[in-house]
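K.L.:
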Amino acid sequence: MKKTSRELLENTQQLEHECQILLKRFSSSLKAIAKERWPLVEARLQQVLPQLLPLYLSLYGERYDCYYHFEQLVKLLARAVAQRPDYLLAEDEVPQQWHKAQTALGSACYVDLFADDFSGLEQRIPYLKQTGINYLHLMPLFKAPEPNSDGGYAVSDYRKTMPHLGSMAQLAELMQKLHAEGIRPVLDFVFNHTSDEHRWALKAKAGEAQFQDYYFFFDEQEREHYAPWLREIFPEIRRGCFTFEPAVGRWVWTTFNSFQWDLNYANPEVFNAMAEEMLFLANQGAAVLRLDALAFVWKEASTNCENLPKAHTLIQAFNAAARIAAPALQFKSEAIVHPDEVVKYISPAECQLSYNPLLMALLWNSLATRKTRLLTESLQRRFAIDPHCSWVNYIRCHDDIGWTFDDNVAWQLGINPDHHRQFLNQFYTGQFEGSFASGVPFQQNPVTGDCRVAGMLASLTGVEQAVATDDHAKLTQALARIYLLNSVILSIGGLPLLYMGDELGLLNDYSYTQDAAKKDDSRWVNRVKVTEQQLAQATDGRRLSGKIYAQLQQLIAVRSRLLVLGSGSTEILQSGNQHLFAYRRQLDQQSVLCVVNFSEAPQPFTSLPASSWQDELTATRYQAPTITLQPYQVLWLTPAS
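First residue of the sequence shown: 1266, per the numbering used here; consecutive thereafter.
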């Protein structure tokens, strides 16, 4: 007698038996699909099917057509293996722990802003290698609505690139060349939504019921089962999370912009279709897929539809599918949500990599306040993750800065979180007296006044202000702040990520205000065009860009010879001084003690054990128990013999 889905999930032995039955049933059709790669497909299915099936049943086991859709999924996985290029097939056989190396260094860029097109990017591979980049995130480059596509995050076709960048065939060729040069390409997998110009959306508008079920269409009464619990993401642009679609006569779910239609993952056909798109990107050469807006992918009535348990099940199912069809593929979590929720997505079974928005936000917080209490307390609770996974530590990205710290930790330290966020917004938009920052508010809520902050690294750290006033002392401090921030992301543990242009100290670009398609999105202030002339300044020590670049290169060089700064463990320490941030990296018998002064005044550090220490950054020796850090000074200390 056939077991129910629930009974299978509760009986491991029965589940494994069911997998064997399914594999036997599918084998003849799978052999025809996989051809000479059938032994490889069979071995992977034997290993991973017992993980994938229960995940699929958890999502769709109550549906009468669950097993039909599961069979279609397994067939498309076999087809993806058959189509996988040989060079990627070879990478599939290698353990994917490259992100734990002390030489791992990432960057992110818009192709057109950094290099015009795919051909131009190929020509800039030498610059990437010179800088030390071996992980390159190419920001959204797929076909998208014009003129506004939310920076490319409204995808109209996952298999076509923006024409001005080049063709998909050219992208695949570029990615193979990046692999050959030791640079792992990273692409966005925008899987919460498509654009309203995607072929599925167009068919839904045309009245095809099959494709209307790819999205969420509600009448007024149905919408109210969800709407009251949802938060507004872009309140400056639009209110609510639904858009009325005249062609259908109903409301469609649009969490972000009205042209971004949320996908209905309660429909297994949607899961299969998106798995196929995911594996297509993997076979073009993507080593990592950034899972965009993953916190929003599962919806349930009377909830806020964020970080729901089945969102994790869904990602685990995608992960299991990748382990069969493209084992080298890694997932990166993009969850700019509460810190407790961020860490839940990080595991070998979900996302092997994750942005670290908590570190990013609190580094800026410590620069503004000159205090490290919130940084230290927060990271002591939340920095530790699975040792097989890595944080992606960044200072800035293509987006904005949101103040994603834990309110409870703030209250425990006597900080009113709402007031403090208002202070940080005022400080980094230059409205607070004495601020060194030149940031721009993003998505200011007209009701609450809340906002986020956009701006390039150099502008936010004081370079723009110092250059404008020709103040040498301010410029020296601004350069020290950049060095400090870079030192932390390079040493604290994880994959450091640079946003291209920041390594050269490029300033805000305010020309977006003159562009009708961009003027309402202030994030374009930090999406800056990088010219050949600016790249040439990287090695010119007389120029400001050259000085900033040289500082970064010195940090990278020192890090690359300290194995402990790669795969070593991290312990966040209490420094004993509210202006200092301290952490220890440990690997076997090797250790590095990192101490950072976030203030413009000299600060004593009294927590050194009684021995001699050497700063690996300057080769200076220090004697315990007390040393004094100069303004914004950074120390990477190792025990001196």
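Virtual Cβ for every residue (Gly too), placed ideally from N, Cα, C.
1) To the nearest angstrom, how far is it from the Cα of residue 1575 to the Cα of residue 1822?
2) Just reading off the beta strand (DSSP E) that residue 1848 is part of, what are its end residues?
3) For residue 1213, which option in 1747, 1345, 1299 and 1466 has the closest C-alpha, if you only look at C-alpha atoms?
4) Grouping DSSP H, G and I as helix and E and B as strand, with all else coil, what is residue 1332?
5) Compare the C-alpha of residue 1298 against each of 1434, 1367, 1379 and 1590 and name the closest.
6) With a cut-off of 8 Å on the beta carbons, I'd call residue 1758 and residue 1629 a contact; round off their distance for me.
7) Going by other Cβ atoms of all chains shown within 10 Å of its Cβ, with 16 needed for buried, is residue 1792 buried or exposed?
8) Using the Cβ count rule (16 or more neighbours within 10 Å means buried), how would you classify residue 1475?
9) Enumerate in chain order the residues of its own chain whose CB-to-CB distance from residue 1542 is below 7 Å, with the five nearest sequence positions on each side excluded.
10) Hey, residue 1537 and residue 1480: beta-carbon distance below 8 Å or not?
11) Looking at the secondary structure, which residues open and close the beta strand (DSSP E) in which residue 1878 lies?
12) Which same chain residues end up closer than 6 Å to residue 1764 when comparing Cβ atoms and leaving out the 5 residues on each side of it in sequence?
13) Near residue 1892, what residues of its chain come up, given a Cβ to Cβ distance below 6 Å and the 5 sequence neighbours on each side ignored?
14) Using only CA atoms, which one of 1351, 1507, 1473 and 1743 lies nearest to residue 1702?
15) Please say whether residue 1602 and residue 1925 have beta carbons closer to each other than 8 Å?
16) Using the three-state DSSP reduction, which class does residue 1607 fall into: helix, strand or coil?
17) Rounded to the nearest angstrom, what separates residue 1851 and residue 1890 at their Cα positions?
18) What are the residues that DSSP puts in a beta bridge with residue 1793?
19) By DSSP, does residue 1805 sit in helix, in strand, or in coil?
20) Who are the near neighbours of residue 1719 in its chain, counting only those whose CB is closer than 6 Å to its CB and skipping five residues on each side?
21) Do residue 1405 and residue 1418 have their C-beta atoms within less than 8 Å of each other?
22) By the DSSP assignment, the alpha helix (DSSP H) with residue 1300 in it spans what residues?
23) Any idea which residues DSSP pairs residue 1764 with across the strands?
24) Run the CB neighbour count on residue 1796, radius 10 Å, all protein chains shown included, and call it buried at 16 or more, exposed below.
25) Is the Cβ-Cβ distance between residue 1295 and residue 1340 less than 8 Å?
26) Using CA atoms only, rank isn't needed, just tell me which of 1581, 1458 and 1519 is closest to residue 1535.
27) On the CB-based measure, 16 or more other CB atoms within 10 Å of its CB, does residue 1369 come out buried or exposed?
28) What are the start and end residues of the beta strand (DSSP E) that includes residue 1659?
29) Taking residue 1830 as the reference, which of 1845, 1842 and 1881 has the closest Cα?
30) According to DSSP, is residue 1470 part of a helix, a strand, or is it coil?
31) Using beta-carbon positions only, say whether residue 1799 and residue 1810 come within less than 8 Å of one another.
32) I want to see whether chain D comes within less than 8 Å of residue 1903, judged by CB atoms only; does it?
33) Please classify residue 1429 as buried or exposed, where buried requires at least 16 other C-beta atoms within 10 Å of its C-beta.
34) At the level of alpha carbons, what is the spacing between residue 1440 and residue 1593?
35) Is DSSP giving residue 1266 helix, strand or coil here?
36) Output the boundary residues of the beta strand (DSSP E) element that contains residue 1718.
P.N.:
Taking the coordinates as given:
1) Translated into positions along the sequence shown, residue 1575 becomes position 310. Translated into positions along the sequence shown, residue 1822 becomes position 557. Answer to the nearest angstrom: the Cα atoms are 43 Å apart.
2) Looking up residue 1848 in the sequence shown gives position 583. First-last of the beta strand (DSSP E) with residue 1848: 1845-1852.
3) Not covered by the structure: residue 1213. The range shown for the chain is 1266 to 1906.
4) Locating residue 1332 in the sequence shown gives position 67, counting from the first residue. Residue 1332 falls in the helix class under three-state DSSP.
5) Numbered from its first residue, the sequence shown carries residue 1298 at position 33. The candidate whose alpha carbon is nearest that of residue 1298 is 1590.
6) Here residue 1758 corresponds to residue number 493 of the sequence shown, with the count starting at 1. Here residue 1629 corresponds to residue number 364 of the sequence shown, with the count starting at 1. Between residue 1758 and residue 1629 a beta carbon distance of about 19 Å is seen, past the 8 Å cut, so the two are scored as non-contacting.
7) Translated into the one-based positions of the sequence shown, residue 1792 becomes position 527. Residue 1792 is buried by the Cβ-count criterion.
8) Within the sequence shown, numbered from 1, the residue matching residue 1475 stands at position 210. Exposed.
9) Against the sequence shown, residue 1542 aligns to sequence position 277. The answer, listed in chain order, is 1423.
10) Along the sequence shown, read from residue 1 onward, the residue named residue 1537 stands at position 272. Along the sequence shown, read from residue 1 onward, the residue named residue 1480 stands at position 215. No; because the gap between Cβ atoms is not below 8 Å, this pair is not in contact.
11) Position 613 of the sequence shown, counted from the start, is the residue given in the question as residue 1878. Where residue 1878 is concerned, the enclosing beta strand (DSSP E) stretches over 1877-1880.
12) In the sequence shown, counting from the first residue as 1, residue 1764 sits at position 499. Excluding sequence neighbours, residue 1764 sits near 1373, 1661 and 1662.
13) Walking along the sequence shown from the start, residue 1892 turns up at place 627. Closer than 6 Å at the Cβ level, and outside the excluded window around residue 1892, lie 1870.
14) For the purposes of this step, residue 1702 is taken as the residue at position 437 of the sequence shown. When C-alpha distances from residue 1702 are compared across 1351, 1507, 1473 and 1743, the shortest belongs to 1743.
15) Shown here, the chain extends from 1266 to 1906; a query on residue 1925 therefore has no answer.
16) Position 342 of the sequence shown, counting from 1, holds the residue named residue 1607. In this structure, residue 1607 counts as helix in the three-state DSSP scheme.
17) Looking up residue 1851 in the sequence shown gives position 586. Looking up residue 1890 in the sequence shown gives position 625. Distance between the alpha carbons of residue 1851 and residue 1890: 21 Å.
18) Here residue 1793 is taken as the residue at index 528 of the sequence shown, counted from 1. Beta-bridge pairing links residue 1793 to no other residue.
19) Residue mapping note: residue 1805 aligns to position 540 of the sequence shown, counting from 1. Reduced to three states, the DSSP call for residue 1805 is coil.
20) Locating residue 1719 in the sequence shown gives position 454, where the first residue counts as 1. The residues are 1665, 1705, 1707, 1787, 1788, 1790 and 1791.
21) Numbered from 1 along the sequence shown, position 140 holds the residue referred to as residue 1405. Numbered from 1 along the sequence shown, position 153 holds the residue referred to as residue 1418. For residue 1405 and residue 1418, yes; Cβs fall inside 8 Å.
22) Looking up residue 1300 in the sequence shown gives position 35. Premise fails: residue 1300 is in no alpha helix (DSSP H) and is neither H nor E.
23) Translated into positions along the sequence shown, residue 1764 becomes position 499. Residue 1764 is bridged to 1373.
24) Position 531 of the sequence shown, counted from the start, is the residue given in the question as residue 1796. Classification of residue 1796: exposed, given that the 10 Å Cβ count is below 16.
25) For the purposes of this step, residue 1295 is taken as residue 30 along the sequence shown, with counting starting at 1. For the purposes of this step, residue 1340 is taken as residue 75 along the sequence shown, with counting starting at 1. Cβ atoms of residue 1295 and residue 1340: closer than 8 Å.
26) Stepping through the sequence shown from its first residue, residue 1535 is reached at position 270. Comparing C-alpha distances from residue 1535 to each of 1581, 1458 and 1519 shows the shortest one belongs to 1458.
27) Numbered from its first residue, the sequence shown carries residue 1369 at position 104. Classification for residue 1369: buried.
28) For this step, residue 1659 is matched to residue 394 along the sequence shown. Start and end: 1655-1659.
29) Locating residue 1830 in the sequence shown gives position 565, counting from the first residue. Minimum Cα distance to residue 1830 is reached at 1881.
30) Position 205 of the sequence shown, counted from the start, is the residue given in the question as residue 1470. Of the three classes helix, strand and coil, the one that applies to residue 1470 here is helix, per DSSP.
31) To locate residue 1799, count along the sequence shown from 1; it is residue 534. To locate residue 1810, count along the sequence shown from 1; it is residue 545. In this structure, residue 1810 lies closer than 8 Å to residue 1799 by Cβ.
32) Considering every chain present, this structure includes no chain D. It has just one protein chain.
33) Position 164 of the sequence shown, counting from 1, holds the residue named residue 1429. Looking at its Cβ environment, which holds fewer than 16 other Cβ atoms inside 10 Å, residue 1429 is exposed.
34) Counting from 1 along the sequence shown, the entry for residue 1440 is found at position 175. Counting from 1 along the sequence shown, the entry for residue 1593 is found at position 328. The alpha-carbon atoms of residue 1440 and residue 1593 are separated by roughly 15 Å.
35) Position 1 of the sequence shown, counted from the first residue, corresponds to residue 1266. Low per-residue confidence applies at residue 1266: pLDDT is 35, beneath 50, and the placement is therefore not dependable enough to give any value.
36) Here residue 1718 refers to the residue found at position 453 when the sequence shown is read from its first residue. Residue 1718 -> beta strand (DSSP E) spans 1717-1719.
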